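These notes concern the structure reproduced below.
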Amino acid sequence: MFASILAICLGACLGALARWQLGLWLNAGGAIAGTFLPWGTLAANLIGGYLVGVCVAVFQALPQLDPAWRLLLVTGFLGALTTFSSFSAEVVGMLMQHRYALALGTAALHLLGSLLLTILGLHSAKWGLDLAASRAA
Numbered sequence: 001m002f003a004s005i006l007a008i009c010l011g012a013c014l015g016a017l018a019r020w021q022l023g024l025w026l027n028a029g030g031a032i033a034g035t036f037l038p039w040g041t042l043a044a045n046l047i048g049g050y051l052v053g054v055c056v057a058v059f060q061a062l063p064q065l066d067p068a069w070r071l072l073l074v075t076g077f078l079g080a081l082t083t084f085s086s087f088s089a090e091v092v093g094m095l096m097q098h099r100y101a102l103a104l105g106t107a108a109l110h111l112l113g114s115l116l117l118t119i120l121g122l123h124s125a126k127w128g129l130d131l132a133a134s135r136a137a
């Protein structure tokens, strides 16, 4: 039980730091500051979507992996990296400013983008695992 808690806590700590850095880099103080979209939140959700797809494929292909890895990566790191609460607050803020098209577009971009990148992550990991298996054979 302690190993599981430790794995989740370590992953969550690293995921939260990554999320914070994305916000610093891409939002107010960063690379695309002053634009209409909170890019750091979008990046966190899209990166998280892709990586969870990779994790699903890897954990399915390698069931012998210690379950602590899933807790560290999916529950901890990706749970802290992805940010439904920030996304929700930003979209509600757009709605309160009567920026309805932007709010709808932002919501669609987060949802559809995350789903598409999860599928892409799943397939790219399966491709990589198949390639590694064929080279090992």
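Residue numbers (UniProt numbering): 1 to 137. For every residue, glycine included, the Cβ atom is placed at its ideal position computed from N, Cα and C. Note that the structure is predicted; figures quoted are calculated from it, not measured.
_Contacting residues, own chain, Cβ-Cβ under 6 Å from Leu102 (five flanking each side not counted)_ = Met94
_Quick check on DSSP: helix, strand or coil for His98?_
coil
*Quick one: Cα of residue 138 to Cα of Asn45, how far?*
Nothing about residue 138 can be reported from this structure: the residues present for the chain run from 1 to 137 only.
*Tell me whether the beta-carbon of Leu24 lies closer than 9 Å to the beta-carbon of Leu51.*
no
*asked:* Using only the alpha-carbon positions, how far apart do Phe84 and Leu131 sit?
replied: 34 Å
_Do Leu65 and residue 207 have their beta-carbon atoms positioned less than 9 Å apart in this structure?_
Outside the modelled stretch of the chain, which goes from 1 to 137, sits residue 207, for which no answer is possible.
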